[in-house]
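In what follows, a structure is listed as structure tokens, so that the remarks can point back to it.
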Ligand code: HEM
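Residue numbers (this note's numbering), protein chains in the order written: chain P, 51 to 380; chain R, 25 to 160.
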């Protein structure tokens, strides 16, 4: 049900620009207005979310420690898993962001015959996740060719490596296959494992379908139903130079691609995709474990008005004595 | 706000990366590709028409060439019949470059704009190019 709802939403998102372009001639709306609005919502929403997070105090270090903390000089510290200073934290964050280390360490518990409890690594999720994210990044960087003139050399290097197999014309990009395959795995995992299906929400399916839709329209455009790439680049260059033009005869499929991307960007700040910014702010990862080396004062501490027992006794000593209650000071 | 410095720096980097194309292109002249058609062969044509319709050529010429290559090299089929019933020899050098003998002002106009570098020229020759070993 949730799956169906998410699927229909994405299909609707694909149909909207098709109708707008095919029947209403709204090239300018879908080629210029929508992308501008989407990017504005993306940047402003993203900043808002991050600033909001930054308002929560982090009074105490709460890193998840997976190794020996810094203690006596002859006990070896695990510097990456239990960092005590900034360099260690940077190393740990880099491993987390670039290689998803904590996902890699994800384990699965199984009750085997015996009965015996077994812990195994569940590497497939990590593999699919890292394949997906890196492919996405490579594709995004390769798209820079549509947004720059002259195109910087690192884009060409990436294109060369990615099209290294030289299959067909236009050359097959390895990341295109990897992206779609990884997304397919992530989707199948959601429906095939009952526990995961149980915790999956509409938004989980929606993001998967949306990104799959973007990848699919891109692949269709490149290898099957081609569009006028020169026209697309003119549109893109106009957008970034703030002098938008919409060349005629680009091809409807491109507008579907662009509208889905705009949807993704506009939806981003409201969704779980904010983990892109959130990963940098995860307190269990980005704090050095120096609880015992530094004093961390709770920032919302206000001066508490205390009334100690000694003061209490001073105040009520006479009454206490009269009532026969033992007192500490006579 | 806590860790103000780091948060602001992070957001500035983020906004900078998102709008990178804008910053990268500031002050760069806007060029448009301008594929030229004035070659001797095309000037002689009465009806200036490519192999297929102009739109089809713009969008699909690379796939057409790929199809030609496979047809010639794998199946030894050498003639292509266009939708309008004309016959063409399926050849990159002898057909395309017969009419478009100005590779630099034609193909390359678009290709350098869209950043495509067909690897075909590792083996095939462009018009007017020296042939390395004196024969073809
Ligand atoms: C979230 C961002 C985006 C993703 C994930 C994405 C994904 C893809 C993919 C997977 C392809 C297949 C070919 C390739 O890998 O190069 C593609 C092609 C394409 N994309 Fe995107 N895209 C994105 C943003 C954009 C934007 C902003 C534009 C233009 C304004 C655009 C225009 C195109 C065009 C014109 C093609 C066809 C390229 C060709 O025929 O070689 N894409 N896209």
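No residue lacks a Cβ here, since even glycine has one placed at the ideal position from N, Cα and C.
Contacts with chain P at 7 angstroms (Cβ-Cβ) include residue 134 of chain R. By the Cβ rule, the segment 89 to 96 of chain P counts as touching the segment 314 to 322 of chain P, because three or more pairs are nearer than 8 angstroms. Across the segment 174 to 199 of chain P, CB contacts with chain R closer than 9 angstroms involve 194, 195, 196, 197, 198, 199, in sequence order along the chain. In the DSSP assignment, residue 209 of chain P falls within the unbroken alpha helix (DSSP H) covering 203 to 212. Residue 309 of chain P places its beta carbon 7 angstroms or farther from that of residue 71 of chain P. Residue side-chain check: residue 265 of chain P places its Cβ nearer than 6 angstroms to a non-hydrogen atom of ligand 1. If you draw a straight line from the Cα of residue 265 of chain P to the Cα of residue 237 of chain P, it comes to about 14 angstroms.
At a cut-off of 7 angstroms, the C-beta of residue 133 of chain P has no neighbouring C-beta in chain R. Under the Cβ distance rule, residue 104 of chain R does not count among the residues neighbouring chain P, no pair being separated by less than 7 angstroms. With a contact defined as Cβ atoms closer than 8 angstroms, residue 180 of chain P and residue 204 of chain P miss out at about 21 angstroms. A direct Cα-to-Cα measurement between residue 301 of chain P and residue 169 of chain P gives close to 52 angstroms. Taking 9 angstroms as the Cβ-Cβ cut-off, the segment 298 to 312 of chain P approaches chain R at 299, 301, given in chain order. Proximity of chain P to residue 153 of chain R at the Cβ level (cut-off 8 angstroms) is not reached, the minimal Cβ distance being about 21 angstroms. In the DSSP assignment, residue 365 of chain P forms no beta bridge with any residue. Per the C-alpha coordinates, the member of R/91, R/142, R/138, R/81 positioned closest to residue 281 of chain P is R/138. Chain-order list of chain R residues neighbouring residue 220 of chain P: 86, by C-beta distance under 7 angstroms. Against chain R, the beta carbon of residue 284 of chain P has neighbours under 8 angstroms at 56, listed in chain order.
In the DSSP assignment, residue 158 of chain P falls within the beta strand (DSSP E) that extends over 157 to 162.
Short note on residue 210 of chain P: C-beta not closer than 6 angstroms to any heavy atom of ligand 1. Remark: the shortest separation between the CB of residue 272 of chain P and any heavy atom of ligand 1 falls under 6 angstroms.
In the structure shown, residue 25 of chain R falls within a coil segment according to DSSP collapsed to helix, strand and coil.
By the Cβ-count criterion, residue 107 of chain P is exposed, with fewer than 16 other Cβ atoms from all chains shown falling within 10 Å of its own Cβ.
Between residue 119 of chain P and residue 80 of chain P, the alpha-carbon positions lie close to 55 angstroms from each other. Boundaries cannot be given for residue 63 of chain R, as no alpha helix (DSSP H) includes it and DSSP labels it neither H nor E.
The three-state secondary structure of residue 114 of chain R, taken from DSSP, is coil.
With a threshold of 7 angstroms between beta carbons, residue 81 of chain R makes no contact with chain P.
Assigned with DSSP and collapsed to three states, residue 338 of chain P falls in coil, not helix or strand.
The count of Cβ pairs closer than 8 angstroms, one atom from the segment 329 to 340 of chain P and one from the segment 123 to 142 of chain P, reaches three, so the stretches are in contact. No Cβ-Cβ contact shorter than 7 angstroms links residue 84 of chain P with residue 259 of chain P. Assigned with DSSP and collapsed to three states, residue 97 of chain R falls in helix.
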